[in-house]
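In the numbering used here, the protein residues as written are 29 to 305. C-beta atoms are modelled at their ideal positions from N, C-alpha and C, and glycine is treated no differently. Just so you know, these numbers come straight off a predicted model, no measurement behind them. Notes to accompany the following structure.
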Amino acid sequence: MRLGHPRKDRFKLGAIPFSTGRAGNLATALSGLFFRLRKGILRGIRMPYLSRVCLRQDASVSALAPLLLGQAHNESKTRHPAHHLIWSLFADHADRSRDFLWREMRTGVFLVLSDRHPVDRHGLFDIDKPKLFNPNLESGDRLKFSLRANPVVRRRHEKRRRSTKHDVVMDALRSLPASKRPLRRLEVMRSAGIEWLVQMGNKAGFNLSESDVWVDGYTQHSVARKGTAPTMKYSTLDFEGTLTVQEPPVLVSRIAQGFGSAKAYGCGLLLIRRSAR
């Protein structure tokens, strides 16, 4: 199920200039280090890398592209081949846990934010030289952003000990009479999505106003799992707009962690670029 059409990508690799030696960088770095220690997520001094990864266009790979990307026989509705393709770039051993985020910008073109350089062991990709993701941000900076996310809210149930995740759009629609849901779906999609993103921003060092955010592309996905495991279901929303940086080290750290759920399936990577003044 899909509502609306996401806008064409305008976020290019390295859109935020990387520089060193600017006054205040030491204080910013120390502040960021403190935040990571306080949150218990310090993984080392090294910053992540941003890479553009493209499925090769030569004849041998192009012929396989529909199968590799799940476009043959409508496989994309039940499988997630792109998920396996991107994982192959970081699967140096069987026990490796995910340490990257990714986003499919258009068919066969991906942006990847990772702790390690991607390695193409099967000769399927053209990979641009990874760039260190270390944006030089200051409080008050205005940035254009793009985000594809799986926005969820946790709800507790009387018969369950633990809370469970719920799609924010469907959760909001359930509060309406069934007869009004079809007519108000677009309105609810926008309001529930923006409310979720504002809450994310409050924890991630940025803020935004409702008028500066575009929300569209609500899509529900189903991914088959191995064996008898139940099918995984999740939804995505596309966000674009302008945000204002409040705490630069907090924002950079949160970008590396990702936003929302279903990060293994191409969700959660916040792309940023300078806003024209």
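Taking DSSP's pairing of strands, which residues face Arg131 in a bridge? Taking the first residue of the sequence shown as position 1, residue 131 is located at position 103. Arg131 pairs with Leu139.
Would you check if the distance between the CB atom of Arg176 and the CB atom of Gly269 is smaller than 8 Å? To locate residue 176, count along the sequence shown from 1; it is residue 148. To locate residue 269, count along the sequence shown from 1; it is residue 241. Between Arg176 and Gly269, the gap from beta carbon to beta carbon reaches 8 Å or more.
Reference Val226, options Met260, Ser237 and Val216, closest by Cα: Along the sequence shown, read from residue 1 onward, the residue named residue 226 stands at position 198. Answer by Cα proximity: Ser237.
Leaving out five residues on either side along the sequence, give the residues of the same chain with a beta carbon under 6 Å from the beta carbon of Val181. Here residue 181 refers to the residue found at position 153 of the sequence shown. Only His194, Val196 and Asp199 meet the Cβ criterion.
Is the beta carbon of Pro179 less than 8 Å from the beta carbon of Gly296? Here residue 179 is taken as the residue at index 151 of the sequence shown, counted from 1. Here residue 296 is taken as the residue at index 268 of the sequence shown, counted from 1. Between Pro179 and Gly296, the CB-CB gap reaches or exceeds 8 Å.
Leaving out the 5 sequence neighbours to the left and right, which residues in its chain are closer than 6 Å to Lys261 when beta-carbon positions are compared? The residue given as residue 261 occupies position 233 in the sequence shown. Here the set comprises Ser250.
Length at least 3, wholly inside the segment 190 to 233: the beta strand (DSSP E) runs in chain order: 192 to 195
Would Leu299 pass as a contact of Ser142 if the rule is Cβ separation under 8 Å? By one-based count along the sequence shown, residue 299 stands at place 271. By one-based count along the sequence shown, residue 142 stands at place 114. For Leu299 and Ser142, no; Cβs fall outside 8 Å.
So is Ala284 buried or exposed if we call it buried at 16+ other beta carbons inside 10 Å? Here residue 284 is taken as the residue at index 256 of the sequence shown, counted from 1. Buried, because 16 or more other Cβ atoms sit within 10 Å of the Cβ of Ala284.
Can you tell me whether Arg301 is helix, strand or coil according to DSSP? Locating residue 301 in the sequence shown gives position 273, counting from the first residue. Arg301: strand per DSSP, three-state reduction.
Per DSSP, which one or two residues make a beta bridge with Asn235? In the sequence shown, residue 235 corresponds to position 207, counting from 1. In the DSSP output, where bridge partners are listed per residue, Asn235 has Thr272.
Enclosing beta strand (DSSP E) for Ser174 [first to last residue]: Locating residue 174 in the sequence shown gives position 146, counting from the first residue. It spans Arg170 to Ala177 - the beta strand (DSSP E) in which Ser174 sits, taken as one unbroken run.
Is any heavy atom of the ligand FMN found at a distance shorter than 7 Å from the C-beta of Thr264? With respect to small molecules bound, the structure shown includes none, and the ligand FMN cannot be examined in it.
Let me check understanding here. Comparing Cα to Cα, which of Gly168, Leu152, Arg131 and Gly136 lies closest to Gly286? Taking the sequence shown and counting its residues from 1, the one referred to as residue 286 is at position 258. It is Arg131 whose Cα lies nearest to the Cα of Gly286.
Please work out which residues of its chain come closer than 7 Å, Cβ to Cβ, to Ile155, disregarding the five sequence neighbours upstream and downstream, and give them in chain order. Stepping through the sequence shown from its first residue, residue 155 is reached at position 127. Short of 7 Å from the beta carbon of Ile155, and not among the five residues preceding or following it, lie these beta carbons of its own chain, in chain order: Ser79, Val81, Pro146 and Asp148.
Same chain, Cβ closer than 7 Å to Val241, five either side skipped, listed in chain order: Along the sequence shown, one-based indexing puts residue 241 at 213. Only Ile222, Leu225, Phe267 and Gly269 meet the Cβ criterion.
Rounding to the nearest angstrom, what Cα-Cα distance links Phe153 and Leu160 in this structure? Position 125 of the sequence shown, counted from the start, is the residue given in the question as residue 153. Position 132 of the sequence shown, counted from the start, is the residue given in the question as residue 160. Between Phe153 and Leu160, the C-alpha separation is close to 20 Å.
Would you grab the beta carbon distance between Pro158 and Tyr77 for me? Rounded to a whole angstrom, and I think it's under 8 Å. For the purposes of this step, residue 158 is taken as residue 130 along the sequence shown, with counting starting at 1. For the purposes of this step, residue 77 is taken as residue 49 along the sequence shown, with counting starting at 1. Indeed, because the Cβ distance is near 4 Å, the residues count as touching under 8 Å.
Selected residue, minimal CA-CA separation from Gly229, among Pro276, Thr192 and Leu265: Residue numbering aside, residue 229 sits at position 201 when the sequence shown is read from its first letter. Checked all of Pro276, Thr192 and Leu265; the closest Cα to Gly229 is Pro276.
Could you tell me which residues DSSP puts in a beta bridge with Phe267? As a position in the sequence shown, residue 267 is number 239, starting the count at 1. Answer is Leu175 and Val243.
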